[in-house]
Structures are given as structure tokens and as C-alpha cells.
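Worksheet: one structure, shown below.
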Amino acid sequence: MSPKACFETTIKPKAPCTLNNEQRPGCLFGIMDNIVDQCSSPLDRNFPGMTVLLGVIGNMLVVISVWRHKSLQSVRNMFIVSLSISDIVISVVSGSITPITAFTKVWLFGVQLCYLVPLIQGASLCFSTLTLTSIAIDRFILIIYPTKRAIQQKHAFRMIALNCAVAVLISLPMVFKQALVDYNNFCGRFCTEEWGDDHAGRSTYGTLVFLMQFVLPLTVITFCYMMISLRLGKGMLVKKNCSEKLLTHGSEQRKTALRRRIRTNRMLQAMVGVFCCCWMPSVAFNFLRDYQWLPMFVLRQEYLFGIITHCISMSSTVWNPILYALLNEQFRLAFSSLLASCRSGPDLNRRKSRFDARCERLVSNAFVDGNGATTIPADRRESSVVVRTSEQQDVTSSSL
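Using our numbering, you'd call the opening residue of the sequence shown number 2 and step up by one each time.
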């Protein structure tokens, strides 16, 4: 049995048996005696558990905060909630089942989950990239085409449903390639991706998934944020060149709103950057494995490298709530309010009211939406008059 088979498979108990070193397959002997010991330390065993716990708690904070506070229920935050739910699913499924299987070498989850878990894992990853793409498109429309009607919440829900359907369809072929396989001289059965001699089919499917799940979405995201950065950079340049006589109270508010929008877009760009850094090792590992291009030093420790890339990818579920708390004032206030209410139940309504009042002050001055960005509400956009003076025209384009 090759190292590749050892990495991809998991074991289901079949019958008690004992094997001496001479009876073990060479690959299994190397894996169990040399590799497992390298990833069985208390830190390695505890890391997946800590990642699951922090990922679930952090993303639950996001979901509950948006649900509790109407001021956070914007289109962008609807996408963020769906992304958080996806991260919770990834944490619970991939962050628990994969490490248990890796460390115990025993498949404990039944035949049905052998077929279902790869679908959930692949669909969750694809859904996350499509959701990040939807957020980028929403911001692109809002900033580059401010006079056009923005994406409404009903449209956002439809986009979320479409993203979910596309993610499932892309990942569905994996269900038909999963199998419980027996190997000679080894007890139990392995849950593995079984392509037989169809190496071309596996490579073709892997390439299509790589393109649709990673390359195309990130290309769209990069284009959107490049255009957004250019537009906001131009707006800041014009503000710096304004004469002192134009620095009225209203223009100061617009400058503050523009800076807030820049911070918001930095947060969204940081989300994309963290997602790429966390998932790129795992995606590259699987892509190279499909084409049998893994370097020799990786092949010698393929099982270990698979666990390492998996742990790195799972850490992505922890970073997003941290970014929201660090870079978005409304989420920071919402998290503080929620954590404080957990400690003091009787003051829940009063704390929630104080949070809503503070968020409303953020919103009221310059029509700041739940994204932390300034925009004209949808019901006022169509009736708004675009003033043609050079300064006001720039204000319109940069503050929407």
C-alpha cells in the first residue's frame, strides 16, 4: 500500500487481530512507527480541539450579534453571517472528524458519513470562497457605481442560496468516488477516494475544482478590491487637496466617513488574505497530489504534511471573528455587549439599548450602513440630486 493510500484512508474496526512487524505492510509500518509519533504530542492533539472550540465560539458571537442588533443587519453582514455559519460547519465536521480519524486510525462514524463528510468539507470551502466573492461584488457596486441601486437583502438571500447550490454541485462528484476499501494484511476498512485506474479523470476533476473553487473567485475578488482601492485612494487625494475654506463641518463628516469606509475595506481585504494564507497550503497539496507532482521529501512524510496543511486550513475559522473585533467598531461593540450580557443577565436589555443607541449615532450623521461605510439609503437614492460642482461630485462618488 502506497503512502498516498495511507494518507487518504481511515479505518473501520473489522475483527481483532495482531500483526508483528514482519506482517505489517511497509507503508503502514513507516506511518505508524515513524510518522504518527511526530504528530501525537499533547500540543498536536490539543491544537485541533482548541481550533474547533475557538472557531465555534467566535463565529457564534458573530451570528448572535447580527441577530440581536438591527443596526448590524446589512447586506454585507448577511454574507458575513453565512460565512460564519460555514466556518462553524467546517469547525464541527472537518475540525473534529479528520483529527480523530488521523490520530486513532479508526473510522468511527459509519458508512453514511464516509460518503457525506467529503461533500460537506468540499462544499463548505467552495461556499466560503463564493461568499467572499459576493461581498467583494457588493462593495464594488456600492463604491464604483454609487448612483445605481445597491444589492437588497432579498437579493443577498438569493445569492447565498445560489452560492450554496453551486458549492454542493461542484463537490457532489466526490460522493460517487468514496468507498470503503479492504487492504491485505491489515485489519479494518478504509474510507477513501477511489478512482481506480482513472488517473486522468481525477486530475481533470481536481483541476476544475481548483479553478472554480479558488482561482476564478480570487480573480474576481482581486479585481473588485483593486478598483475599490483606486477609487477610495482618489477620494482621499482630493480631500487632501481641498483648500482650508472648504473644510466645513459637513466635509469633515464626509472625510470621517471615507476613512471609515477605507478601514472597512481593509478588514474585508484582510479576510481574503487570511483565507488564502490558511487554505492555500491544503489546496496546493491536494492539487499536486492529484497530478502526482508532490516533491520526494513530501512523499516521504505525506501523512504528516496532510495533517499539517489540514490544521493550517482549520485555523481560518478562528481569524475572521478576530478581524471583525479589531477592525470594525460596530462588531467590537456588539461583541462587548454580548459578552457583558452573559456575565450580567438582568442588565441585558439596558446594555442592548445602549449598543443600539451608539450604533444609531454612527449611522445617523452620514447614512453609515451596517458595513461601517457611508451610503445613501436605497429608498432615497433614486430621488437624490447629484450636484455637478467638482467638489460635490467627488463627495458623491467617494461617500456612497
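The beta carbon of each residue, even a glycine, is placed where N, CA and C say it ideally should be.
Quiz item: So the alpha helix (DSSP H) residue 306 belongs to, where does it begin and stop?
Solution: In the DSSP annotation of this structure, the continuous segment of the alpha helix (DSSP H) that includes residue 306 starts and ends at 303-315.
Quiz item: Any idea what DSSP makes of residue 182, helix, strand or coil?
Solution: Of the three classes helix, strand and coil, the one that applies to residue 182 here is strand, per DSSP.
Practice problem: Leaving out five residues on either side along the sequence, give the residues of the same chain with a beta carbon under 8 Å from the beta carbon of residue 145. | Solution: Cβ contact annotation for residue 145 (same chain, cutoff 8 Å, sequence separation greater than five): 228, 229, 232, in chain order.
Self-check item: Cutoff 6 Å; reference residue 389; Cβ partners in own chain excluding five residues on either side
Solution: A caution first: residue 389 carries a pLDDT of 32, below 50, which makes its placement in the model too unreliable to give a value.
Self-check item: Proximity winner among 254, 293, 314, 224, relative to residue 96 (alpha-carbon distances)
Solution: It is 314.
Quiz item: Where does residue 52 fall in DSSP's three states?
Solution: For residue 52, the secondary structure class from DSSP, reduced to helix, strand or coil, is helix.
Quiz item: How many Å lie between residue 137 and residue 103 at the Cα?
Solution: C-alpha separation (whole angstroms): 36 Å.
Quiz prompt | Helix, strand or coil at residue 193 [DSSP, three-state] | solution = Residue 193 falls in the strand class under three-state DSSP.
Quiz item: Thinking just about the alpha-carbon of each residue, which of 133, 328, 211 is nearest to the one in residue 226?
Solution: When only C-alpha atoms are compared, the closest one is 133.
Quiz item: At what residue ranges does the stretch 65-119 contain a whole run of the alpha helix (DSSP H), taking only runs of 4 or more?
Solution: For the stretch 65-119, whole alpha helix (DSSP H) runs of length 4 or above, ordered along the chain, are 76-105.
Self-check item: Separation of residue 185 from residue 83, as counted between CA atoms
Solution: Distance between the alpha carbons of residue 83 and residue 185: 45 Å.
Quiz item: Can you round the beta-carbon distance between residue 65 and residue 339 to whole angstroms, since I take them to be within the 8 Å contact cut?
Solution: The pair is a contact, with the Cβ atoms about 6 Å apart (cut-off 8 Å).
Practice problem: Could you tell me the distance, in whole angstroms, from the CA atom of residue 328 to the CA atom of residue 258? | Solution: In a straight line, the C-alpha of residue 328 is about 15 Å away from that of residue 258.
Quiz item: Mapping DSSP to helix, strand and coil, what is residue 150?
Solution: It is coil, neither helix nor strand.
Quiz prompt | Extent of the continuous alpha helix (DSSP H) run through residue 215 | solution = From DSSP, residue 215 is part of no alpha helix (DSSP H); its letter is neither H nor E.
Quiz item: Using the C-alpha atoms, what's the distance from residue 194 back to residue 288?
Solution: In this structure, the alpha-carbon of residue 288 lies about 14 Å from that of residue 194.
Quiz item: Do three or more CB pairs link the stretch 211-224 to the stretch 274-289 at distances below 8 Å?
Solution: Using a Cβ-Cβ distance cut-off of 8 Å, the stretch 211-224 and the stretch 274-289 are in contact, since at least three pairs of beta carbons, one from each stretch, lie closer than that value.
Exercise. Go ahead and label residue 318 buried or exposed: buried means 16 or more other beta carbons lie within 10 angstroms of its beta carbon, across all protein chains shown.
Key: Under this definition residue 318 is a buried residue.
Exercise. From the DSSP output, in three-state form, read off residue 334 for me.
Key: Correct three-state label for residue 334: helix.
Quiz item: From residue 196 to residue 80, what does the alpha carbon distance come to, in whole angstroms?
Solution: About 36 Å.
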